[in-house]
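Please read the structure below before turning to the comments.
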Amino acid sequence: MKKNRIIAQIGLYVVLILLAILFLFPLVWMVVSSFKTEPEIFADLKSFRAFVPYTFSLDNYTGVFERIPFIRYLLTSTLYVSVIVLLGLFVNSLAAYAFARMQFKGRDLLFSAVVALIIIPFESILLPLYLIIDEFDWLNTYQALIIPFIANAFNIFMFRQFFLNLPKELEESARMDGASTLRIFFQIVIPLSKPVFITVALLTFITHWGDFMWPLIATTDDSVRPLQVGMQFFFHQPPVKYGHVMAALTMATIPLLIIFVFFQKYYVQGIASAGMKN
Amino acid sequence: MKKGILLLFCLIFAFSMAGCSNDKQGASGSEKGGEVQLKMWAHQGQPKEVDFYKKRIDEFNKEHKGKINVKLDIIPSGTGHAYEDKINAAATSNGLPDVLDMDGPFVGNYAATGILSPIDDYVEKSDKQDFAKSIIQQGTYDGKLYALGAMESSIVVFYNKKLLKEAGIQAPETLDKAWTWDQFMEASKKLTKGDVRGLTMHMDLGVGEWLTYMGSVFVWSNDGLLLNKDRTKAEGYLNGPESVEALNYVKGLFKSKVVSVSNGPADFEEGKAAMMIGGVWLIPGFEDYKNLDWGMTYFPYSKKKVSPSGSWAFGVSSQSQHPKEAAEVVKWMSNKDSVVEISKITGMPPARESAFKEIKEYDKLPKKVIKDQVLNTAKARPATPAYPVLSAKFAEAFQAAALGQDVKPELDKAAKDTDRELQRFKK
Amino acid sequence: MEPITQKTNVNNPLPTVSPKQRKRKNLFTSYGFVAPAIILLFVFLILPAILALYFSFTNYYLLTPEQTKFVAFENYKRLAEDSLFLKSLGNTAIFVVIVVPVQTLVALALALLVNQKLMGIKFFRMAFFAPVVTSMVIVSILWTFIYNPDNGLANSILNIVGLGPFQFLTDKDQAMYSIIFMSIWQGAGYQMMIFLAGLQDIPDHQYEAASIDGANAWQKLIHITIPGIRNILAFIAIVTMIAATKLFIQPFVMTQGGPLDSTKTLVYMVYETGFKFRDVGYSSAIAILFFVIVLIISILQRRFIKENTE
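First to last, the protein sequences are chains B, A and S. Be aware that the first sequence starts at 9, since it is given in our numbering, and climbs by one per residue. Be aware that the second sequence starts at 10, since it is given in our numbering, and climbs by one per residue. Be aware that the third sequence starts at 43, since it is given in our numbering, and climbs by one per residue.
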């Protein structure tokens, strides 16, 4: 019996390791190749050496910095996504709180309308949105990347669900003490709602970090170009050098992987609770 | 408290709107103390090219101090049409600069949609005649001149000297001995051995301008046209018998496996392909490959000797308040000094005949090939407002031929789509 | 829901504000709370949606908006005859029909694997999740290299197993499947995490009870695990399906819709027609149709799930 279990465990490990190889080999190849010269990368393709870091040259990295403003891309992405997250948390939670706790004319109708908006795929409003942003003279500005994405129907929905499940007693007693609604919201509701704030923040961050289509058309200047679009430009910019591209990709990936390792718990909780909520 | 909330929102909005609205590029042609202030956009090419633009504009500003001052913005062009997208956006929101740089075949579209102003009035006839014919051709739409460039460009056949010698093949060294299609096919077949292919055509660049730039030459050389002479119709031309035959020749090259649709980006440089149909802009990159001993020969022909042409050119935007001064900039950027200098820096062929005389290396092989082509056989892509569609559809048909598809139906489709687009611009 | 504002408290009346004033003030506050979100949603979501519908009945050309004319159903008629549109529709359908079930099953299998209490299991969870952290653009660039038929890792590796060589992205019959494989590879980790959370919520005693009853692993899976995560399964199916209909980045980066339009998708066409060809009218018609398709899918799915969960 015990022997069987050991065999089963070994089998399980074999499967897990094979799968881990399948999931990791491209990333390993990417990192290892970023330290090799162009001829080395091509020569190693047909052998196991493709995954062996036998040289450690930083030439590709200096090459990337000479050719593109990589740091600028990275900062742009970090900045605009963070602003979307922060403003979004504020605007959406505020609206959700009103929908959850306040009485006003047309509330239910308005809320149903908001929920209905969830279904509109962004891709179908791409062109008109581009023209509207153009009308505001916002093309090639941070506003274009940020402002259309602050309000989010789905996030309002998530917040409202959470607020509805909060016990009302605390808020009511604060009100009796004469606290204003805004104060109640900031001092009582928000501290109680940390989980939903973290979840929404993470989901928003992940979504917009991966933004591609919109920044692709809304920005044409290097000064406001996010990382994803910058990477795709670099990939197609002649001369295409595998080593340079690998170095750029590695730099674009590693910070995120590190963040992930540190914040793994929240990250996973965030994703999971997004799943549960529905 | 309610005031507090309102104030907060106002602040957020005011902040986010005012925050970075400094990026408005347009509002063309202001004046400051009698000095005309102009704005100019240039695409981000190779670093050396960009440095040249900056330096040359500095010199212009010095020379015209007190009269004209130009502010140059370098706009990245990336893979495809990001630079064009920017021009589109600026055109609709009145944000165009006074002077702009554009890829040759887009001149027609910009002229037809009113983005450019003609510059005939500012360019002297004698000066015009010094330009390569193809440069004037690409800058002209509806009989009016809209753009002038400093650089020409061309596509040639590069070859690996060692591999050709081994196969006992002598590449043509004068234009009148240029390979015919059949001879070219023959040579490619002979050079295809084992892991080495006879030819690479850079299919790795994807379905884009490259395929049209290179591919249209096959059509022209076979006495075909992409559009009729008035450039109002594709039906019967783009899908005419000459065009079909031309793409069938291309299809044959791929079918006989002398060239592959899945070539790597540097097959020629690495010795995996004996010959390459490639742009002259690739020459500086050869330096990285010490083992490569390369030569250059002419684009092969069928009935007529034709070679590709066209490069970035400068024009005056219709939104400029100072078209005369803006035209000065265009002329400056394409005068003989500019042309000689940029071509020395980038290795691209000059756009003027007189400039060729200044640069000695064009008198002997291998660069003589480029000069012969630019001055004798270069043909510009058609200046038509439907160019974006024409180019994309032709590139797709070219790729389809390379992949072994039936040529005729593909070209029929391309002609139909192009004609539909041309319809839009009929007056 | 109980309106808070009407609650009166005998012990602690608010003497300074009359009920009427208070009510007005509260109304103001409520609208103040929802206003920013509603205004933003209106300007950047509702308004563009209405404009898309409107443009789809015009011949709007990006560079000459002043010449726009109303063309009634012209653009929609053109859709019906446009073989490229039908092809894009088909390509999108192939992607959706394969990716949704396969990715969901792969994710579930991975989740079951990493739900074991084993040494180093955290490492494996991270390994499967790593491609998710890497963004889609980056993954697409990387796999374009891997899929290169002559200079790529994929053929080298398959060669060891005695397969290939394949043409991958340069073959019209293989390109879409290559993109599908990569997309599943990239995305499965995400759903795995959601499943994992669901699996961990199933109480251990259910399994213990089943063990006592002599159930084997398969029976436990069918009778405890699957019912336990049924809602999550439904959620994942919906989300994956809607995301899959939006396929754009992979073909844009890897194949530009080729070869021979074999990876052109609906969203790709919206982009290409609108921005590259500047045909806002036609592009809007495609966008509206795309919206209708997403709408139909969601409605059907919701109905299906309701029937199956109630």
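Note that the Cβ used here is the ideal one computed from N, Cα and C, for glycine as well. All values reported here derive from a predicted model rather than from experimental measurement.
- Have a look at S316(A) and E44(A) and give me their C-alpha separation to the nearest angstrom. In the second sequence, counting from the first residue as 1, residue 316(A) sits at position 307. In the second sequence, counting from the first residue as 1, residue 44(A) sits at position 35. Going by the C-alpha atoms only, they are around 44 Å apart.
- Task: Would you identify the three-state DSSP class for D321(S), choosing helix, strand or coil?
- Result: Along the third sequence, read from residue 1 onward, the residue named residue 321(S) stands at position 279. DSSP places D321(S) in strand when its eight states are reduced to three.
- Message: With H, G and I counted as helix, E and B as strand and the rest as coil, what does DSSP make of A1(A)?
- Response: Residue coverage of chain A in this structure runs from 10 to 436, which leaves residue 1(A) outside it and unanswerable.
- Length of the line joining the Cα atoms of N31(A) and D82(A): For the purposes of this step, residue 31(A) is taken as the residue at position 22 of the second sequence. For the purposes of this step, residue 82(A) is taken as the residue at position 73 of the second sequence. Low confidence applies to N31(A): its pLDDT is 37, below 50, so where it sits in the model is not reliable, and the reading given next is rough at best. When rounded, the distance between both Cα atoms is 14 Å.
- Message: DSSP three-state label for A395(A), please.
- Response: For the purposes of this step, residue 395(A) is identified with residue 386 of the second sequence, where counting begins at 1. Reduced to three states, the DSSP call for A395(A) is coil.
- Query: Among residues of its own chain, excluding the 5 on either side of I140(S), which ones have a beta-carbon nearer than 6 Å to its beta-carbon?
  - Reply: Within the third sequence, the letter at position 98 stands for residue 140(S). Same-chain partners within the cutoff: I222.
- Within the 8 Å Cβ cut-off, does S253(S) reach chain B? Translated into positions along the third sequence, residue 253(S) becomes position 211. Chain B, which has no Cβ nearer than 8 Å to the Cβ of S253(S), makes this no.
- Message: Please confirm whether F162(B) has its beta-carbon closer than 8 Å to some beta-carbon of chain S.
- Response: For the purposes of this step, residue 162(B) is identified with residue 154 of the first sequence, where counting begins at 1. Not closer than 8 Å to any Cβ of chain S, the Cβ of F162(B) fails to qualify, so no.
- Query: Taking the runs of the alpha helix (DSSP H) that are 4 residues or longer, which of them lie wholly in the stretch 234–270 of chain A?
  - Reply: 250–264
- Task: Within its chain, find whatever has a CB closer than 7 Å to the CB of L412(A); leave out the 5 residues flanking it on each side and keep chain order.
- Result: Walking along the second sequence from the start, residue 412(A) turns up at place 403. Excluding residues within five positions, the ones whose Cβ falls inside 7 Å are V270.
- G388(A), buried or exposed, once every other Cβ within 10 Å from all chains shown has been counted against 16: By 1-based counting over the second sequence, the position of residue 388(A) is 379. Per the sequence shown, residue 388(A) should be read as Lys rather than Gly. Burial call: buried.
- Message: Within a Cβ cutoff of 6 Å, which residues of the same chain sit near I264(S), ignoring the five residues on either side of it in sequence?
- Response: Taking the third sequence and counting its residues from 1, one reaches residue 264(S) at position 222. Excluding sequence neighbours, I264(S) sits near nothing in its chain.
- Please determine if the stretch 83–95 of chain B and the stretch 149–162 of chain B are in contact, where contact requires at least 3 C-beta pairs separated by less than 8 Å. yes
- Does DSSP classify K299(A) as helix, strand or coil? Residue numbering aside, residue 299(A) sits at position 290 when the second sequence is read from its first letter. The answer is coil: DSSP assigns K299(A) none of H, G, I, E or B.
- Item | Those residues which DSSP pairs with R206(A) across a bridge | The residue given as residue 206(A) occupies position 197 in the second sequence. A282(A), per the DSSP bridge assignment.
- C-alpha distance - K299(A) paired with V339(A), whole-angstrom precision: Translated into positions along the second sequence, residue 299(A) becomes position 290. Translated into positions along the second sequence, residue 339(A) becomes position 330. If you take the alpha carbons of K299(A) and V339(A), they lie about 39 Å apart.
- Query: With 16 other CB atoms within 10 Å as the buried threshold, where does F167(B) fall?
  - Reply: Position 159 of the first sequence, counted from the first residue, corresponds to residue 167(B). Burial call: buried.
- Item | Interface residues of the stretch 95–107 of chain A facing chain B [CB-CB below 8 Å] | K95, A98, T101, S102 and G104
- Task: Would you mind working out which of L121(S), L128(S), L83(S) and L184(S) sits nearest I126(B), comparing C-alpha positions?
- Result: Translated into the one-based positions of the first sequence, residue 126(B) becomes position 118. Minimum Cα distance to I126(B) is reached at L83(S).
- Message: At a CB distance below 7 Å, what residues from the stretch 236–256 of chain B approach chain S? Give them in sequence order.
- Response: Q236, M239, Q240, F243, Y250 and V253
- Query: Between M168(S) and G19(B), what straight-line distance do the alpha-carbon atoms span, to the nearest angstrom?
  - Reply: Counting from one through the third sequence, the residue named residue 168(S) turns up at place 126. Counting from one through the first sequence, the residue named residue 19(B) turns up at place 11. Cα to Cα, M168(S) sits roughly 20 Å from G19(B).
- Message: Suppose the cutoff is 6 Å on Cβ atoms and the five residues either side in sequence are ignored; what does the same chain contact list for A329(S) look like?
- Response: Stepping through the third sequence from its first residue, residue 329(S) is reached at position 287. These residues qualify, in order along the chain: A94 and V312.
- By how many angstroms is the C-alpha of L26(B) removed from the C-alpha of T393(A)? Mapped onto the second sequence, residue 393(A) falls at position 384. Mapped onto the first sequence, residue 26(B) falls at position 18. The alpha-carbon atoms of T393(A) and L26(B) are separated by roughly 56 Å.
- Task: Would you check if the stretch 266–278 of chain S and the stretch 231–249 of chain S touch, i.e. whether three or more CB-CB distances between them fall below 8 Å?
- Result: yes
- Task: Output yes or no for whether 8 Å exceeds the beta carbon distance between T186(S) and V85(S).
- Result: As a position in the third sequence, residue 186(S) is number 144, starting the count at 1. As a position in the third sequence, residue 85(S) is number 43, starting the count at 1. No, they are not a contact pair.
- Message: If distances are taken between C-alpha atoms only, which option among L137(B), F165(B) and R109(B) comes closest to G96(B)?
- Response: One-based indexing of the first sequence puts residue 96(B) at position 88. Nearest of L137(B), F165(B) and R109(B) to G96(B), Cα basis: F165(B).
- Task: Count the other C-beta atoms from every protein chain shown that fall within 10 angstroms of the C-beta of S163(A), then say buried if there are 16 or more, exposed otherwise.
- Result: Counting from one through the second sequence, the residue named residue 163(A) turns up at place 154. Buried, by the Cβ-count rule.
- Query: Got a sec, what are the start and stop residues for the alpha helix (DSSP H) S135(A) sits in?
  - Reply: Residue mapping note: residue 135(A) aligns to position 126 of the second sequence, counting from 1. S135(A) -> alpha helix (DSSP H) spans K134 to D139.
- chain S within 8 Å of K54(B), Cβ atoms only: Taking the first residue of the first sequence as position 1, residue 54(B) is located at position 46. So yes, K54(B) belongs to the interface.
- Query: Do E362(A) and D136(A) come within 8 Å of each other at the CB atom, strictly closer than that value?
  - Reply: If you number the second sequence from 1, residue 136(A) lands on position 127. If you number the second sequence from 1, residue 362(A) lands on position 353. No, Cβ-Cβ distance for D136(A) and E362(A) is not below 8 Å.
- Query: Rounded to the nearest angstrom, how far is the Cβ of V166(A) from that of T306(A), given a contact under 8 Å?
  - Reply: As a working mapping, residue 166(A) is identified with position 157 in the second sequence. As a working mapping, residue 306(A) is identified with position 297 in the second sequence. So it is a contact: roughly 5 Å between Cβ atoms.
- At what residues does the beta strand (DSSP E) containing S326(A) begin and finish? Looking up residue 326(A) in the second sequence gives position 317. Start and end: W321 to S326.
- Task: Identify every run of the alpha helix (DSSP H) within the stretch 158–217 of chain B, keeping only runs that are complete inside it and at least 4 residues long; order them along the chain.
- Result: 161–172, 177–184, 189–192 and 202–217
- Query: In chain order, what residues of the same chain have a beta carbon less than 7 Å from the beta carbon of A159(A), not counting five sequence neighbours either side?
  - Reply: The residue labelled residue 159(A) in the question sits at position 150 within the second sequence. The residues are M342, S343, S347, V348, I351 and A360.
- Listed in chain order, which residues of the stretch 201–218 of chain S have Cβ atoms closer than 9 Å to some Cβ of chain A? Q209, F210, L211, T212, D213 and K214
- Task: Tell me whether the beta-carbon of L35(B) lies closer than 8 Å to the beta-carbon of T176(S).
- Result: As a working note, residue 35(B) is residue 27 in the first sequence. As a working note, residue 176(S) is residue 134 in the third sequence. Yes. Within cutoff.
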